[in-house]
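Report on the structure given below.
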Amino acid sequence: MTERKEPQAPAGGATARTGDDLTSAERAVLAAARAATTGTAEPGMAANPLRDPRDRRLPRVAGPCVLVLFGVTGDLAKRKLLPAIYDLGNRGLLPPGFSLVGFARRDWAHEDFAQVTYEAVKEHARTPFREEVWKQLSEGIHFCPGEFSDDGAFDVLAMMLKEIDETRGTGGNYAFYLSVPPKFFPLVIQQLKRTNLAKAPAGSWRRVVIEKPFGHDLKSARELNEITSAVFPESSVFRIDHYLGKETVQNILALRFANTLYEPIWNRGYVDHVQITMAEDIGIGGRAGYYDGIGAARDVIQNHLLQLLALVAMEDPTSFDADALRREKEKVLRAVKLPADLATGTARGQYLRGWQGGEPVVGYLEEQGISPDSTTETYAAVKLEVANRRWAGVPFYLRTGKRLSRRMTEVAVVFQRAPHLPFSKDDTEILGHNALVIRVQPDEGITVRFGSKVPGTAMEVRDVNMDFAYGESFMESSPEAYERLLLDVLIGDPPLFPHQREVELSWQILDPIEEFWASQGRPEGYVSGSWGPASADAMLARDGRAWRRL
Amino acid sequence: MTTFNLTETTASKISSTLTRLRHQMGAPAVGMVLTLVVVVDEAGQYDALRAATEAAREHPSRILIVISRDPAEPDRLDAEIRVGESAPGEVVLLRLYGELTEHADSVIMPLLLTDTPVVVWWPGQCPDIPAKHPIGQLGSRRIMDARSAPDPVAAVSSRAASYVPGDTDLAWTRLTPWRSLLAAAFDQPVGKITGGVVEAAAGNPSAPLLAAWLCDRLDAPIEIADSAGPGLTGVRLSVEGGGELTLSRTDARLATLSRPGHPDRRVALARRPTSELLAEELRRLDPDDIYAAAIRRLAAMKGRGRS
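From first to last, the protein sequence lines stand for chains R and V.
If you read the first sequence in this note's numbering, its first letter stands for residue 1, the second for the next number, and so on.
If you read the second sequence in this note's numbering, its first letter stands for residue 1, the second for the next number, and so on.
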């Protein structure tokens, strides 16, 4: 380990300089001395003469900082995080000197980690590969090998970070991204505390980023929070729900609060019910260890779907800053009421062997690593009510499932029928409800469904769709959710991250349902590639409604 | 891709052909967000069209390319319609002959998308007062490029005289990455700037603009110095009490940022293709006040005889 403590020039950086090394070393010493005495002011604190709110060409750029990534060997890091970092760099949003430190149980040198990053970027980055961007990024890539229980490894990490501050001018600003299973959180957080990495010296910041699941029930969520909040203040904890980073989800706010067209009808006077769906066509894949015992409701409804519900149902916030936005979301979550009878107001299922999209697939109980008597649900549907003046009596139907016929996430606001139709019954026989559908993924956009006259001499009215596709009217490929969220972490902008209170409120909604299900034995089976279990359809049929066909 | 040629035609024939082609392609809904009018000559047509279609990937638009041909010919309008190219949107190349070359606006007006913004772009020579030009009057935003003027520096220095809110220049757009990096460097306190110099290849119109912007924001005299290029090569700012904040780029791709008391940092700073510049311009369609302040400062600097 000791050889890592020697000062190391950033990979590739020293070779390009010409005889300048002495001066830059001197400068580094000077920088360290300065950082120790005065520290660097927070970005934006002192008035920057070159910035002007009217100057909207200049992008929001993060200040100098280091991102420390725990769990770099994981799937998420390779597929999403490392490419997102490159994409940010390519869009010119990373500060000069930005450094990335990987931490994992691998016997890697800096170059090995750089190679892993290079491959991940080449394969998964959204934006084209550019040599100069990669050069800028790769100079700041470091790797720290070790286990989470190894004190020595974290001592090395602390020293490495200090060194990066000196050689790269990152000013003691670190973001720790915990892309690791929750069982390791206590260990990592304790290590950060022990090595004093969690505590920011004056003028710099330390942030911690955690991924779902935020516990598996209210109690565990609170325990998890105690672990982080004992070390990091709430304002430094960024909980990632990547759905909130999606353009379409943020557009819900624009749609509702920037327009006059929808708000007047966005209430119980006009809305019949709301359906929020996240359907997946894949099974659990290699996630058996995580998924079994957790299930669809904890995996998806507790975070993604309840967050979508909050955004659709909330009142207008006084502003779009984190406090105002979170306050309104909390109010909605607090107002959510469970159905009186959980047996008829919820549904769950488990996928069976079948055909999905032309391929034979196995049932959940036959998946590798799943016990044959598992009662974990892979499909969950619940009927909720938001008990406030705006929404009383309007059911919100939430459903999610794996191995359904197709992959789709959408929010459908279904309106009431016209109170009187001046047409004969035959004319409007096939006219359904008006609906406004926010398609979250794939094919992001908005669809409005309304009745229109079928050309011809008869007055026949039929449903048609009016469509706005993001891909058509705006960017060919909008930024990935992780790009936006990582940038927000580095800038320190929290509106898109759920607060601990929201996490706890969501568990309070879900816990009684999970308890009830636990007493009900096996979930109902549904054939892979279908639209879910019959009980979910029956749940809506009892209310005289039907799910939108996927 | 479908190309459709109409000779000796009229705007209404072009319009109905566009509608018919759209229906044939099965995409009758219009998702286009603006009309981009490109006023260009035959020689510049290919590059301008290419950049505009690239930019249309981010901003689906109806692109009208206006090419004036021989005014001595009999009056005639030829059109070439392209739909279903790799980018969304529609492209119409309009070739004007005879007296019609003076009345291009009469052809363009009926072809503008209803109730959406109109942007006019002169990739080459632009009129003296773009906002007063018959085509320029149609646009809410007018994009010029000082670099293609016979004397680029003189052109950019005279922009303030003809400025109307909504004017903008690609010489300014080219500066965004530079300005962004410099602004990021100032996010940490730097101290008072006592003076500085912008270095660029001789005749580069972006250099005086950058100097004017810095001078305006930092309230310090900024000089311009010639270098071997390509394009902008560096900015040096003297900090009160000694030391220099410098951003230098010699290979048009990778720059080095250095400041007193900090290690040198390298950062990607590539020159951008026209399509990216255009896409940036189309992202915001409101007047650019900062650009207005910079060209005014530049005019004032020239007025005092400083280069």
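For each residue, glycine too, the CB sits at the ideal point set by N, CA and C.
Residues that residue i contacts on chain R, provided the C-beta gap is smaller than 7 Å
{"i": "Pro177 (chain V)", "result": "Gly92"}
{"i": "Ser180 (chain V)", "result": "Leu58, Pro59, Val61, Gly92"}
With 16 other Cβ atoms within 10 Å as the buried cut-off, status of residue i
{"i": "Met314 (chain R)", "result": "buried"}
{"i": "Tyr290 (chain R)", "result": "exposed"}
{"i": "Glu119 (chain R)", "result": "exposed"}
{"i": "Ser180 (chain V)", "result": "buried"}
{"i": "Ala230 (chain R)", "result": "exposed"}
{"i": "Ala154 (chain V)", "result": "exposed"}
{"i": "Thr400 (chain R)", "result": "buried"}
{"i": "His59 (chain V)", "result": "buried"}
{"i": "Ile210 (chain R)", "result": "buried"}
{"i": "Asp426 (chain R)", "result": "exposed"}
{"i": "Asp219 (chain V)", "result": "exposed"}
{"i": "Gln302 (chain R)", "result": "buried"}
Three-state secondary structure (DSSP) of residue i
{"i": "Ile193 (chain V)", "result": "strand"}
{"i": "Arg79 (chain R)", "result": "helix"}
{"i": "His625 (chain R)", "result": "The requested residue 625 (chain R) is not part of the displayed model; chain R covers only 1 to 550."}
{"i": "Ile65 (chain V)", "result": "strand"}
{"i": "Asp41 (chain V)", "result": "coil"}
{"i": "Leu245 (chain V)", "result": "strand"}
{"i": "Trp531 (chain R)", "result": "coil"}
{"i": "Gln8 (chain R)", "result": "Residue placement at Gln8 (chain R) is poorly supported in this model, since its pLDDT is 39, which falls under 50; the coordinates are not used for a value here."}
{"i": "Met408 (chain R)", "result": "strand"}
{"i": "Leu237 (chain V)", "result": "strand"}
{"i": "Asn5 (chain V)", "result": "strand"}
{"i": "Glu199 (chain V)", "result": "strand"}
{"i": "Met539 (chain R)", "result": "helix"}
{"i": "Arg582 (chain R)", "result": "As shown, chain R starts at 1 and ends at 550. That puts residue 582 (chain R) outside it, with no answer to give."}
{"i": "Tyr291 (chain V)", "result": "helix"}
{"i": "Thr168 (chain V)", "result": "strand"}
From the options, residue whose alpha carbon lies closest to that of residue i
{"i": "Pro339 (chain R)", "options": "R:Ile509, R:Ser99, R:Asp373", "result": "R:Ile509"}
{"i": "Leu157 (chain R)", "options": "R:Thr127, R:Ile227, R:Ala104, R:Glu139", "result": "R:Ala104"}
{"i": "Val39 (chain V)", "options": "V:Ser15, V:Leu285, V:Glu90, V:Val119", "result": "V:Val119"}
{"i": "Val37 (chain V)", "options": "V:Ile143, V:Arg265, V:Asp151", "result": "V:Ile143"}
{"i": "Ser258 (chain V)", "options": "R:Asp373, R:Thr167, R:Phe497", "result": "R:Thr167"}
{"i": "Leu305 (chain R)", "options": "R:Asp151, R:Leu197, R:Glu163, R:Met408", "result": "R:Met408"}
{"i": "Val267 (chain V)", "options": "V:Thr3, V:Pro127, V:Glu281, V:Ala185", "result": "V:Ala185"}
{"i": "Ile430 (chain R)", "options": "R:Thr447, R:Gly451, R:Val274", "result": "R:Gly451"}
{"i": "Gly393 (chain R)", "options": "R:Arg399, R:Met278, R:Asp272, R:His499", "result": "R:Asp272"}
{"i": "Asp107 (chain R)", "options": "R:Arg126, R:His124, R:Phe143", "result": "R:Phe143"}
{"i": "Trp517 (chain R)", "options": "R:Trp547, R:Glu483, R:Gly345", "result": "R:Gly345"}
{"i": "Thr376 (chain R)", "options": "R:Ile164, R:Leu67, R:Arg287, R:Arg522", "result": "R:Arg522"}
{"i": "Met459 (chain R)", "options": "R:Tyr174, R:Arg439, R:Ser424", "result": "R:Ser424"}
{"i": "Pro372 (chain R)", "options": "R:Ala380, R:Thr378, R:Gly363", "result": "R:Gly363"}
{"i": "Leu67 (chain R)", "options": "R:Glu123, R:Leu137, R:Pro53", "result": "R:Leu137"}
{"i": "Asn225 (chain R)", "options": "R:Thr170, R:Met160, R:Lys183", "result": "R:Lys183"}
{"i": "Phe497 (chain R)", "options": "R:Leu244, R:Pro442, R:Arg130, R:Ala62", "result": "R:Leu244"}
Contact list for residue i against chain R, beta-carbon separation under 9 Å
{"i": "His23 (chain V)", "result": "Those do not exist, as His23 (chain V) stays about 14 Å from chain R at its closest Cβ, beyond 9 Å."}
{"i": "Leu218 (chain V)", "result": "Pro49, Leu50"}
{"i": "Arg142 (chain V)", "result": "The premise fails here: Arg142 (chain V) is roughly 17 Å from chain R at the closest Cβ pair, so nothing lies under 9 Å."}
Partner residues on chain V for residue i, Cβ-Cβ distance less than 9 Å
{"i": "Glu139 (chain R)", "result": "Arg265, Arg266"}
Proximal chain V residues relative to residue i, where beta-carbon distance stays under 8 Å
{"i": "Asn48 (chain R)", "result": "Ala183, Phe186, Asp187"}
{"i": "Pro96 (chain R)", "result": "Leu181, Ala184, Ala185, Leu257, Arg265, Arg266, Val267"}
{"i": "Gly89 (chain R)", "result": "Ala268"}
Beta-carbon neighbours of residue i, restricted to chain R and to distances below 8 Å
{"i": "Ala294 (chain V)", "result": "The premise fails here: Ala294 (chain V) is roughly 10 Å from chain R at the closest Cβ pair, so nothing lies under 8 Å."}
{"i": "Ile290 (chain V)", "result": "Asp52, Arg54, Asp55, Arg57"}
{"i": "Glu280 (chain V)", "result": "Arg57"}
{"i": "Arg76 (chain V)", "result": "The contacting residues do not exist; Arg76 (chain V) stays about 35 Å from chain R at best."}
Under 7 Å by beta carbon: chain V residues contacting residue i
{"i": "Val101 (chain R)", "result": "Here the premise fails: no neighbours, minimum Cβ distance about 17 Å."}
{"i": "Glu132 (chain R)", "result": "Arg253, Leu254, Ala268, Ala270"}
{"i": "Arg484 (chain R)", "result": "Going along chain V, no residue has its Cβ under 7 Å from Arg484 (chain R), so there is no contact; the nearest lies around 16 Å."}
Item to check | Secondary structure, beta strand (DSSP E): runs of 3+ residues fully inside the stretch 314 to 392 of chain R | outcome: Here the runs fully enclosed are 346 to 352, 354 to 356, 359 to 361, 379 to 386.
Checklist entry - Taking the runs of the beta strand (DSSP E) that are 3 residues or longer, which of them lie wholly in the stretch 254 to 285 of chain V? => result The qualifying runs are 254 to 258, 265 to 268.
Checklist entry - What runs of the beta strand (DSSP E), each 3 residues or longer, lie entirely inside the stretch 76 to 161 of chain V? => result Segments of the beta strand (DSSP E) lying fully in the stretch 76 to 161 of chain V: 76 to 83, 90 to 97, 118 to 121, 141 to 144.
Item to check | Complete runs of the beta strand (DSSP E) confined to the stretch 117 to 190 of chain R [at least 3 residues] | outcome: Runs of the beta strand (DSSP E) inside the stretch 117 to 190 of chain R: 141 to 145, 174 to 178.
Item to check | Start-end ranges of the alpha helix (DSSP H) lying completely within the stretch 482 to 511 of chain R, minimum 4 residues | outcome: None, since the stretch 482 to 511 of chain R contains no complete alpha helix (DSSP H) of that length.
Next on the checklist: Give the list of continuous alpha helix (DSSP H) stretches no shorter than 4 residues that lie fully inside the stretch 193 to 261 of chain R.
Outcome noted: 218 to 229, 247 to 257, all fully within the stretch 193 to 261 of chain R.
Checklist entry - Taking only runs of the alpha helix (DSSP H) that begin and end inside the stretch 436 to 479 of chain R, which ones reach a length of at least 4 residues, in chain order? => result Entirely contained in the stretch 436 to 479 of chain R, the alpha helix (DSSP H) runs reaching 4 residues are, in chain order, 470 to 473.
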